[in-house]
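All letters in the sequence shown, in the order written, are residues 155 to 415 by the numbering used here.
Where a beta carbon is used, it is the ideal one built from N, C-alpha and C, also for glycine.
Everything below concerns the one structure shown next.
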Amino acid sequence: MSVNSSTAPFLRLGVNIDHVATIRNARGGSHPDPVRAALLAAEAGADGITAHLREDRRHISDDDITRLMSEITLPLNFEMAVTDEMLQIALKSRPNACCLVPERRQELTTEGGLDVRSMSNHLPDFVARLKGEGMRVSLFVDPDDEQIEASARVRADIVELHTGPYCHAAIDGNQAHIQAEIDKLARSAQHAAQAGLEVHAGHGLTFDTVHAVAAMPEVVELNIGHFLIGEAIFGGLHSTIGRMRALMDKARASATGQASA
Ligand code: PXP
């Protein structure tokens, strides 16, 4: 494929399977199986699988991580808090990538980005230990210049930009607010790429909100979970992921002026 300078790289879809485990855990037992969902996601066009092993194990379990590592062929993006316990699990499991997120026990989901600036004493060593074992390290951050610069300073490979505030604005429907959040994400994506960081994005994305983020040329991966698993109740997992994949490809093609298939 010939690539000109305005052609953005391929946009990868990471499917977060946490909430398959949420449903399984509501009744105990083994159904529905998140590993089966991961295998189906691969068939449907996902490029990676994301799973968050939370400190309270509310959804994904240690055994799920072991099984994902042995049963799936797609790269695993292991979301984790910056704790010694998670570091040991990552060093033992050796996923393709680790995405470091803030974690509070009482939160319903990851609520804000990692405050990389305030962790500048601790993070460089934490990041280096993961990278030393061949894992790529991603930091989940708000679209904020100082957090992006701090992420480059601690030698992360990747920043994942928090799209939650944009998606909340989209639910509220105030166009000026929506556009302000999109502009913030677009500026941060450019800033991060200029700082030498690979740019990912995610949180709260849906069929309705994915276009604006997928069209940002610096973004190379989106991680999407809750909407896909919820929507799969109505449309089936294969078709829901296929539709998201198609919307992402269309947005990327329109941003680069290429015809979409
Ligand atoms: N990226 C990160 C770092 C997250 O913590 C989450 C939620 O687990 C996601 C992406 C996916 O968000 P959602 O489930 O809202 O699509």
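Between the Cα of residue 267 and those of 176, 318, 401, spot the shortest distance and give me the residue it belongs to. 318
Can you list, in chain order, the stretches of the beta strand (DSSP E) that have 3 or more residues and sit fully within the stretch 347 to 399? 352 to 356, 373 to 378
If you measure from the CB of residue 361, is any heavy atom of the ligand PXP nearer than 7 Å? no
If distances are taken between C-alpha atoms only, which option among 219, 360, 176, 302 comes closest to residue 400? 360
Quick one: give me the first and last residue of the beta strand (DSSP E) that residue 275 is part of. Here residue 275 belongs to no beta strand (DSSP E), and DSSP marks it neither H nor E.
Could you round the C-beta distance between residue 203 and residue 255 to whole angstroms and report it? I think they count as a contact, below 8 Å. Here residue 203 is actually not in contact with residue 255; their C-beta atoms are around 16 Å apart, not less than 8 Å.
Going by DSSP, what residue range makes up the beta strand (DSSP E) through residue 318? First-last for residue 318: 318 to 326, but that is the alpha helix (DSSP H), not the beta strand (DSSP E).
Shortest alpha-carbon distance to residue 410 belongs to which of 197, 370, 306, 281? 370
Report buried or exposed for residue 217, applying the criterion of at least 16 other Cβ atoms within 10 angstroms of its Cβ. exposed
Looking at the ligand PXP, does it come within less than 7 Å of residue 210, judged from the CB to the closest heavy atom? no
In chain order, what residues of the same chain have a beta carbon less than 6 Å from the beta carbon of residue 225, not counting five sequence neighbours either side? 189
Looking at C-alpha atoms only, which residue of 340, 272, 320 is the closest neighbour of residue 331? 320
Residues in the same chain with beta-carbon distance under 8 Å from residue 323, minus the five sequence neighbours each way, listed in chain order, please. 331, 332, 334, 335
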